[in-house]
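Everything in the sequence shown is counted per the numbering used here, starting at 5 for the first residue and increasing by one.
Beta carbons are placed, not taken as given, at the ideal position from N, Cα and C, and that holds for glycine.
On a predicted model such as this, the values are computed, not experimentally measured, just so you know.
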Amino acid sequence: MLDSPYEEGAFTSDSSVAPYGGCGDCFNDLWAPRPWCWQLLPNNLIYTSYLAGPKEPRIGTVWYEDTGNDPLNPTTQNGLLWDTTLGGRASILRYGSDSVLHPQGFEVQIEGAAFVRLDPQEDRDLRSADYRFGVPLVYGIGRWQTKLAYYHNSAHLGDEAMLKHPTYTRINYVRDCIVWGNSWYALDWMRLYGEVGYAFFNAGGSQPWEFQFGTELIQARPTGIHGAPFFAINGMSRQELDWGGNVCVQAGWAWRGRRSEKLFRVGMEYLYGSDPQYEFVYSNQNRTGIGMWYDF
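Here is the structure:
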């Protein structure tokens, strides 16, 4: 099902309009060389966000039950929590191909997101929020993509959490980090990736080195209205955790757009290990939930 060829659907009202000047072969031969040109604000990305990466910029939300200890009240479990990501990744300038899927070339991107945690058990109080901004420089050729990126991440305790837990000592967790990442499509529907990051400025217990790696199984071509299954797993290892970290697994159903790589997913998520909210980075989670995610 993940490797099925693209078939034109009659359900869309604009199916008679050929995207990008007519590109029927683009959906069947994803990696064929195509002409390069300068493009300002192209409609898709050479290097996309990792599907199961907890700190990747996108729009997404997850409701989950966590059996880990509550860092604000260690004698109890976290219970029901609600994490939301509000952000995205966009291409600013490209010298490369104008393919509908998997464009190639050189690209300057911009990324940013707010990672927010609410507590449904306490009037949906704001528990914490991380903020991230970055600028990736990307090159992709064939099935391989690489990036050299800068990002800033800062962690903050929610105002309502501070008022209700005045004895909790917040940490001023901050990272300014340089990242080198690589991504390779072993098959059209299988992506392998890994990256290393070195933070040249650290605060609040952050230490320089971090590693991230994973794989994704997902239909590469437009899915039509019926969608297709997906599976993704992501691991992180961090120096400040003595090289521990967390593992996140997602599985569910996905829909990919016809005119760009816009991707909407619904499914389940399981995360075990260090809390991805860096205000609580030294606490562990063991959580299972349901979510939805949109990459554009």
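- The closest CA to that of glycine 198, considering only Ser103, Gly57, Lys168, is found on Gly57.
- Taking the CA atoms as reference points, proline 107 sits about 8 Å from asparagine 48.
- Where alanine 207 is concerned, the enclosing beta strand (DSSP E) starts and stops at 194–207.
- For tyrosine 135, the closest of Leu167, Ile237, Gly92, Gly100 by C-alpha to C-alpha distance is Gly92.
- When rounded, the separation of the alpha-carbon atoms in asparagine 290 and lysine 59 is 17 Å.
- Look at alanine 232 here: in three-state DSSP terms it is strand.
- The C-alpha of leucine 6 is placed about 42 Å away from the C-alpha of phenylalanine 205.
- For arginine 121, the closest C-alpha among the options Gly100, Pro140, Thr150, Tyr68 is that of Tyr68.
- Secondary-structure assignment with DSSP links tyrosine 135 through a beta bridge to Ala118, Ser158.
- Sorting Asp87, Trp188, Gly231 by C-alpha distance to the C-alpha of phenylalanine 217 places Trp188 at the top.
- Isoleucine 237 and threonine 171 have their C-alpha atoms some 37 Å from each other.
- Of the residues assessed, histidine 230 falls on the exposed side of the cut-off, its CB having fewer than 16 other CB atoms within 10 angstroms.
- In the same chain as threonine 71, and ignoring 5 residues on each side of it, the C-beta atoms closer than 6 Å to its own belong to Gln81, Asn290, in chain order.
- When the beta-carbon positions are compared, aspartate 129 and glycine 83 stay at least 8 Å from each other.
- When the alpha-carbon of proline 78 is set against those of Gly249, Phe284, Ala190, Ala258, the nearest one is in Phe284.
- Around glutamate 214, the same chain offers Gly201, Arg242 as residues with beta carbons nearer than 6 Å, after the five sequence neighbours per side are excluded.
- With a cutoff of 8 Å on beta-carbon distance, arginine 195 and tryptophan 35 are scored as not near each other.
- Around the C-beta of isoleucine 294, fewer than 16 other C-beta atoms lie within 10 Å, and the residue is accordingly described as exposed.
- Rounded to the nearest whole angstrom, the C-alpha separation of asparagine 73 and arginine 131 is 15 Å.
- Looking at the DSSP output, serine 278 sits in a beta bridge with Asn288.
- Under DSSP, glutamine 113 shares a beta bridge with Ser95.
- For glycine 109, the CB contacts under 7 Å within the same chain, skipping 5 residues up- and downstream, are Trp40, Ile50, Arg98, Tyr99, Gly100, Ser101, Gly144 in chain order.
- Comparing alpha-carbon positions, the option among Glu115, Asp87, Asp246, Ala224 lying closest to serine 210 turns out to be Asp246.
- Under a 10 Å Cβ-count criterion, threonine 52 is classified as buried, with 16 or more other Cβ atoms of the shown protein chains found around its own Cβ.
- Between phenylalanine 137 and glutamine 281 the beta-carbon gap is near 17 Å, outside 8 Å, which marks them as no contact.
- Looking at the DSSP output, proline 140 shares a beta bridge with Ala153.
- Burial check for tryptophan 42: the Cβ neighbour count within 10 Å stays below 16, so the residue is exposed.
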